[in-house]
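Written out below as structure tokens is the structure these notes cover.
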Amino acid sequence: MLELNNLSCGYGVFHAVGDLSLSLQPGTITGLLGANGAGKSSTLMCIAGHVTLQGGSIRFDGHDISTLPPHERVKRGIAISPEGRRLFKDLTVEDNLRVGGLIQPASHFAKDRDYVIGLFPRLGERLTSLAGNLSGGEQQMLAIGRALMTRPRLIMIDELSLGLMPKVIDLCYAALKQLQADGMTILLVEQNTERVLSVAQDVCVLESGRTVWQGKAADARNNHELTEAYLGLQ
Amino acid sequence: MLFLELIAQGLVQGSIYALVALGLTLVYGLLRILHVAHAALFTLGGYLGVMVTNATGSLSLAFVIAMVAAGLTGVAMYRLCYEPMLKQPPFVALIASIGLYIAFEEIFRIVFGASGLSYMAPPLQQQVELFGGLQFKQAELMVMAGTAAIIAVLAYLQTRTRIGVACQATVSDPQMAQSFGIKLQQVRDINFFVGSALAGFAGVWVALLNNLVEPTMGSVPSYKGLAIIVLGGMGSVRGTLMAALVLGVVESFGTIYLGKLLDRNAIAFAFLIVVLMLRPQGLFARS
Amino acid sequence: MCISVLFALSLNLITGFCGQISLGHAAFLGIGAYLSALLCKAGIPFLATLPLAMLLAGCIGVVVGLASLRVRADFLAITTMGVGFLFVGIVRQQDWLGGEMGVSAIPDSGLSKMGFMLLTLALCIATALLCLYIRKSWMGRVFNGVAEDEDTMRVLGIDVPRYKLAAFAIGTALAGLAGGLYAQHLKFIGPDSFGFVESITVLSMVVVGGIGSVTGVAIGAAVLSALPAWFQFIGDYKLLVYGGLLFLMMRFSPGGMAALVTRMIGAAKGGRA
Amino acid sequence: MNPLLKVDGVTVRFGGLTAIDNVSFEVHQGELLGLIGPNGAGKTTMLRSITGVVRVTEGKVELAGEDINALPTHKRIQKGLSLSQQLVRPFREISVLDNVALAAGAQYTRSPLKALMHVSQDKEETIGRELLQRVGIEAYADQKPGIQPLGILKRLEVARALALNPKLLLLDEPLAGLNSKEAHALASTIADINRQGVTIVLIEHNLGEVMRICQRLVVLDNGRKIASGDPRAVMNDPVVRSAYLGGDTLSAQHAEPTAAGGIHA
Amino acid sequence: DLKIGFNVPLTGFAAADGKSALEGAKLAVAQANAKGGVAGQKLELVIYDDQASPKEAVPVATKLVEKDKVVGAVSGSYSGSTRAAAGIFQQGKVPYVVAYAIHPEITLTGDYMFRTAAMGEVQGRAGSMLAHNLGKKRVAVITLKNDFGQALAAGFKEGAAKFGLQIVNEYEYGMQDRQFGALVSKVKSDNPDIIYASGYFFTAGPLVSQLRAAGVTAPIIGQEGYDSDKFIEIAGAAAEGTYLTTSLDRDSDSPATKSFMAEFRKATGVNADMVAAGTYTATSVLIEGLQKTGGKGGDALKNALAAGTFETPIGKLAFNDLHEVKKDVQVQIVKDKAFRRHSVISGPLLSPPSKAK
Ligand SMILES: Nc1ncnc2c1ncn2[C@@H]1O[C@H](COP(=O)(O)OP(=O)(O)OP(=O)(O)O)[C@@H](O)[C@H]1O
Ligand SMILES: Nc1ncnc2c1ncn2[C@@H]1O[C@H](COP(=O)(O)OP(=O)(O)OP(=O)(O)O)[C@@H](O)[C@H]1O
Ligand SMILES: CC(C)C[C@H](N)C(=O)O
Ligand SMILES: [Mg+2]
Ligand SMILES: [Mg+2]
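Chains as they are written, first to last, in our numbering: chain A, 265 to 498; chain B, 108 to 394; chain C, 142 to 414; chain D, 154 to 418; chain E, 52 to 408.
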């Protein structure tokens, strides 16, 4: 479904990620792991079209989307819940969701919004608050909810559990499984390695922009050298 | 009676302010830039209004041409001037904008002469008598009505529609807005076009009211407009309208009753400062 | 020209160092100028009026600074712009300040022409050195922080209001000093000499020079104040060129001349390497 | 003996929303207190009202027996509080080291006059380097924070807070964004710092680390204090469990797709 | 060559007047050169733009004195810049003839200053006399808030007291105001017999037309600031019947005026206004002085100017001990879209201040 071929990306002369090849199968969860600064966020932002592609290509559904502007990519079905949430702070929670639903017909809005609220009831209580005033965890929920509003086929979530309480993390992972069951493809970036390894089918581990390991999640779990050296498990 | 007339005159003045300030508000709301050169578009509108009317005799054609030309010039300003500066601190754009404004003022002077232009046969000058003996020029009435209508439409668009939400999202985080299907370029072009066209529109009206367009006619709106968008709470269409009208009326009374103490600009800005001290977020801002 | 440099440096302290944009700085030039002029006319020697001009401008600067504590960023810019208009508006109506007529026939400083020039130059250099020193001191570091993120500075235990006031006090006092020199130089002052246009002009000098950079601002002020005279030969197109340059400078070197020079030196070095 | 910090009946309202509702607790000298609770429970708001960024609507905050309600933030900090913020806000124009050094120069920056009289920051840089080393990011000392990943910045926040040499350190989710190894290391550092005499209030969702290093917990939910005391006892409290931990039953129930069905076509 | 310095606002808000002034000065120099110049030398006008701003005027004057070493200079500019330049010329001992800047301080700067125009106060007094002559009693005074307007207002009030006029109300407006809605409403409610309104054509045009549009019918007295065809163009029909006190009488039979009007028209294609005539006059006066000294500047030129009488388009001029001129004030009225002579005001009322006083 999504294919990265020898992707390199970065900022100006700086290469954040080099030579990354990755292929996501439809309906799977793929974990992108690695230490701070490994280039995970850069990869996601590059797929979304915000970080300059310096080499290689990105294919989605078999089409090369490397040169498409970000707003075209989301229309093809790629949504992102970025690092740092990047909410529209001066807009209310509901309007943030509305922006998420802009590429869908207006008639879908109510239904999709209710779906997101069903997922994160806390958001339902704060619909008229400004997004900037939400607590850290609420913001995270909204960022994911906003991405879901685009009715994506591929959703990329950066630091899913960042700032979330254990209960909500459980909830999110349960939701991921559900989304996956409904056929959505998921690309997940996490520091919470254990959790990723428990839900993902495929795993790719980055270190300083290079791929150091790629394969099935199950194999990763059993590879102690890997978990020790790169995944910070103990 | 005098009281009513002063209010009415304040509203006429306020309507003009509102039309000019609205473009500033749109630009400020979108890019957080104090767009001083906006006033040059107002001047452009005035000149085109007079010239087209004098050449063709048709005021409506003059309006159309002035608005389209001002709108396109505005878009060009954005593309050539502001777009490359978006990543810079805001005063960079402010100074560039001032430079641009000075250059435009000079171009008008060099091309059309320093002493300005007038209508050969100024239209819409008939007197209209309203209830209670209030007298207006036809042009004055129309400018008020036109402003009210335009602003109502814009306010509706801004707060009630998906387009409005899209614009606001662009303001908040342009990059993310793109990731939700919003075409940045398009949103900004449209905003600049609309805002600038309104300035052009206002320019034609002022030309009608004063029967004089001059290279320097934009200088007052250039800074009063800034005061108004601040009063209006920065970025809201309704706030801008209210602030412009209030300022118009305050000036109207102020020049009559405080004229001995302070000049018109000082009155307007004294009002602004008092308001900001009491409400630092502006008169009509959402809390 | 030295006066412009001094004046621009004083604004740079507030805007460049401390991040508080002021669009009404000419008012403080005016306060210094009027005070010095009136005192001179009252028979007080010119040199003695300068510290007083600084004191008064600085005090009023603190008052305006207090207002600046209420508002931020663009709101502040517009508030200070208002202060500028208010100053002009008030001066216009005061007969004892000469009203529209301004104050003229300001008594001579007693210094020779050369002497006055040297004095101005000395004060200007002293100011530049002071700015450089502030920049390097802890005060400069705090100003920097306040300019970037005052909320976080508060969390670091810094009394942000006091620092802002300090910036305003020093900056406006220096503007007052420049004002005293200005009055003496022109021998005549009127309300229009301290209006919005002047405030904008000095801000352009700061930004064109390279906001925050002392040498940049000094050069920027020197160049911009001399530009109109250099351009006499293009006569009619003088202001057009001036406006155009302002625009082009920002468009292609937003860091001002300081950045331009750094870049050129960089390019030259790069070329050699 | 007076507690170091006493939060007494504090209520904070934002417009119509009550973010904190009549919460009282105490922090004793030398303690490492964990402040936990669901998202939006009011933990961050609590810390902010302690530091004075947010004004309390009712109730009062006392530091070492002194009512500090009326003091502005910077005065409270000068009295020995220090905060590491949840959402990082480094100064982007200066290096990571300078960020820490700036905080370490508190004795100069107290008054503008003093600040004007002092130039050298060698001493503060030395302190800064030590602190960076302590939180494990000394390698980044000379870089600008602007482009650093979150994990680095989080630790920078902690180092900067420490540089103020506080009596009471308030940490808002310092471990977020770190992987388990890094989190473990930083948590240990925090415990060390505490052992050296700094009293700490820690907000964290990383319960493993919280249970490991905290001596006592206070749990907030929906603005109210719902439990406090020994970590293990608190965690076994069913009220806490259902509000915060959410056993599998709970989460499975929530994750059930709603009647409207899946979101995608 | 003999260099004559000339400061004039070619850019900025006063550029329109600056253009007119420049044409006037150029014409005077061209005529003199056509007649062979002064003492066999051609005259050269050294022109600098002062933007009507004191700040620009100082370096301009300094350059004229120090670099260009002009023998004499003419101000084709407004009061502010002229006043600032005056000190420099005085110091450099360069005779400086001021064309139409009316600020009193200028001639007080020193004995090298000369003014060929009637001062503001004088014109103001003339205005009050005109109101009196017209048989009006209740006056509304509308004043442009700058040195020009205030000098006029001061003179008018002085005269009004003498003639027993009643000032029903006074208003002030700023240089940048073009919309007078509030002011007009208030004037209307004052219901004056006559209105004395100072301003330049670009403020007066809109002001007069807005007064008329609101139904104010009282006659309006303006001054030399109105004296431009642009005023009539802007105010249109509303301009009809407006009086103005000025220094140029377009219908004058004097050969100096007639030939100037014709020559100016020929040279530029437009009709001369007060500013053009005034600046032509100032320049010609300076040139005549030079003729007498044989091209010598400094003290000799100063004395020659002070002693001479000059036949000019704006009348016969002679300087008093303060180097001000005493001359009649022309009253023009707008009739059929043109300025026409209405009357001439003369008498002791128009005496400029002198050192003696
Ligand atoms: N805007 C930027 N400009 C320049 N370099 C950047 C920028 N953003 C990130 N980088 C650099 O790119 C590299 C990869 O960063 P990235 O944010 O992708 O890492 P990450 O794996 O997501 O880390 P983390 O887990 O801490 O979020 C880092 O070295 C970082 O410093
Ligand atoms: N300035 C504000 N205006 C309005 N509401 C606010 C404001 N700040 C916080 N809130 C609301 O108060 C509640 C408590 O927020 P707080 O940030 O304290 O939560 P928290 O316990 O820190 O949560 P998290 O663990 O998710 O960070 C939230 O519902 C939040 O939306
Ligand atoms: C154009 C003139 C009326 C100028 C006026 N006399 C002045 O000195 O300002
Ligand atoms: Mg990341
Ligand atoms: Mg929080």
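We put the CB at the ideal spot given by N, CA and C, even for glycine.
- [ ] At 7 Å on the CB atoms, spell out the chain B contacts of G582 of chain A, in chain order.
- [x] Since the first residue of chain A shown is 265 and the last is 498, residue 582 of chain A is not available in this structure.
Open item on the list: Would you say the beta carbon of P334 of chain A is closer than 8 Å to some non-hydrogen atom of ligand 1?
Closed with: no
Task: Chain-ordered chain A contacts of I305 of chain D [CB-CB under 8 Å] - done: N300 and G301
Open item on the list: Tell me which residues of the segment 305-339 of chain A have at least one Cβ-Cβ distance to chain D shorter than 9 Å, keeping chain order.
Closed with: Contact residues of the segment 305-339 of chain A toward chain D are S305 (C-beta to C-beta distance below 9 Å).
Open item on the list: Can you confirm whether L137 of chain B, when its beta carbon is compared against all beta carbons of chain C, has any partner nearer than 9 Å?
Closed with: no
Open item on the list: At the level of alpha carbons, what is the spacing between G223 of chain C and V381 of chain B?
Closed with: Going by the C-alpha atoms only, they are around 10 Å apart.
TODO: For K213 of chain D, I'd like the list of residues in its chain whose CB is within less than 6 Å of its CB, leaving aside the five on either flank, ordered along the chain.
DONE: D161, D220 and N222
Open item on the list: Under 8 Å, CB to CB, which of the residues in the segment 243-255 of chain C have a partner in chain E?
Closed with: Listed by position along the chain: G243, S245 and A246.
Open item on the list: Do R369 of chain D and A344 of chain D have their beta-carbon atoms positioned less than 9 Å apart in this structure?
Closed with: no
Task: Residues bridged to G136 of chain B [DSSP beta-bridge criterion] - done: BP columns for G136 of chain B are empty, so no partner.
Open item on the list: Buried or exposed for G429 of chain C, going by 16 or more other Cβ atoms inside 10 Å?
Closed with: Nothing about residue 429 of chain C can be read from this structure; chain C reaches only from 142 to 414.
Open item on the list: Residues in the same chain with beta-carbon distance under 6 Å from A90 of chain E, minus the five sequence neighbours each way, listed in chain order, please.
Closed with: G345 and G346
Open item on the list: I need the DSSP call for G295 of chain A, collapsed to helix, strand or coil.
Closed with: strand
Task: Under 7 Å by beta carbon: chain D residues contacting Y304 of chain C - done: P265
- [ ] Taking only heavy atoms of ligand 2 into account, decide whether any of them is closer than 8 Å to the Cβ of A273 of chain B.
- [x] A273 of chain B has its Cβ no nearer than 8 Å to any heavy atom of ligand 2.
Task: Where V272 of chain D meets chain C, residues with beta-carbon distance less than 7 Å - done: Per Cβ cutoff of 7 Å: K277 and S278.
Task: Under the three-state DSSP convention, the category M420 of chain A falls into - done: strand
- [ ] Put S179 of chain E into one of helix, strand or coil per three-state DSSP.
- [x] helix
- [ ] Identify which residue in E:G292, E:A357 and E:L262 has its Cα closest to the Cα of Q234 of chain B.
- [x] E:L262
- [ ] Please state if the CB of F329 of chain C and the CB of A198 of chain C are separated by a distance shorter than 9 Å.
- [x] no
Task: Heavy atom of ligand 5 within 8 Å of I173 of chain D beta-carbon - done: no
TODO: Count the other C-beta atoms from every protein chain shown that fall within 10 angstroms of the C-beta of E339 of chain E, then say buried if there are 16 or more, exposed otherwise.
DONE: buried
Open item on the list: Considering only heavy atoms of ligand 5, does any lie closer than 8 Å to the CB of Q239 of chain D?
Closed with: The answer is yes for Q239 of chain D.
- [ ] Starting from the C-beta of S394 of chain B, find all residues in its chain whose C-beta is less than 6 Å away, skip the five residues before and the five after it, and write them out in chain order.
- [x] Interpretation of S394 of chain B is limited by its pLDDT of 45, a score under 50 that renders its predicted location unreliable; the figure taken from the coordinates is listed afterwards. So no residue of the chain qualifies.
Open item on the list: Counting only C-beta atoms, is D296 of chain B closer than 9 Å to chain A at any point?
Closed with: no
TODO: State the DSSP-derived secondary structure class of A103 of chain E, mapped to helix, strand or coil.
DONE: Looking at A103 of chain E - three-state DSSP - the assignment turns out to be coil, as it is neither helix nor strand.
Task: Partners in chain A for D280 of chain B, counting only beta-carbon separations shorter than 7 Å - done: R350 and F352
Task: 8 Å contact criterion, which G152 of chain B and G340 of chain B should meet: CB distance rounded - done: With 8 Å as the limit, G152 of chain B and G340 of chain B do not qualify as a contact, their Cβ atoms being about 26 Å apart.
Task: Residues of its chain near C310 of chain A, where Cβ-Cβ distance is below 8 Å and the 5 sequence neighbours each way are ignored - done: L271, C273, V281, T316, L317 and I322
Open item on the list: Can you give me the C-alpha to C-alpha distance between T197 of chain D and V272 of chain B, rounded to a whole angstrom?
Closed with: 29 Å
TODO: Measure the C-alpha to C-alpha separation of G350 of chain D and N318 of chain D and round it to an integer number of angstroms.
DONE: 11 Å
- [ ] For the segment 212-277 of chain E, list the alpha helix (DSSP H) runs that are entirely contained and at least 4 residues long, ordered along the chain.
- [x] Here the runs fully enclosed are 232-241 and 252-264.
Open item on the list: Using only CA atoms, which one of D:V288, D:L284 and D:G193 lies nearest to A338 of chain D?
Closed with: A338 of chain D has its Cα closest to that of D:V288, out of D:V288, D:L284 and D:G193.
TODO: Quick one: list the residues of chain D neighbouring L426 of chain A, beta-carbon separation under 7 Å, in chain order.
DONE: Result: A329 and G330.
Open item on the list: If I follow the unbroken alpha helix (DSSP H) through G274 of chain B, where does it start and stop?
Closed with: This sequence places Cys at residue 274 of chain B; Gly is not what is there. In the DSSP annotation of this structure, the continuous segment of the alpha helix (DSSP H) that includes C274 of chain B starts and ends at R269 to S279.
Task: Limits of the beta strand (DSSP E) - the one that V372 of chain A falls within - done: One detail in the question is off: residue 372 of chain A reads as His in this sequence, not Val. Unbroken run through H372 of chain A: none, as it is neither H nor E.
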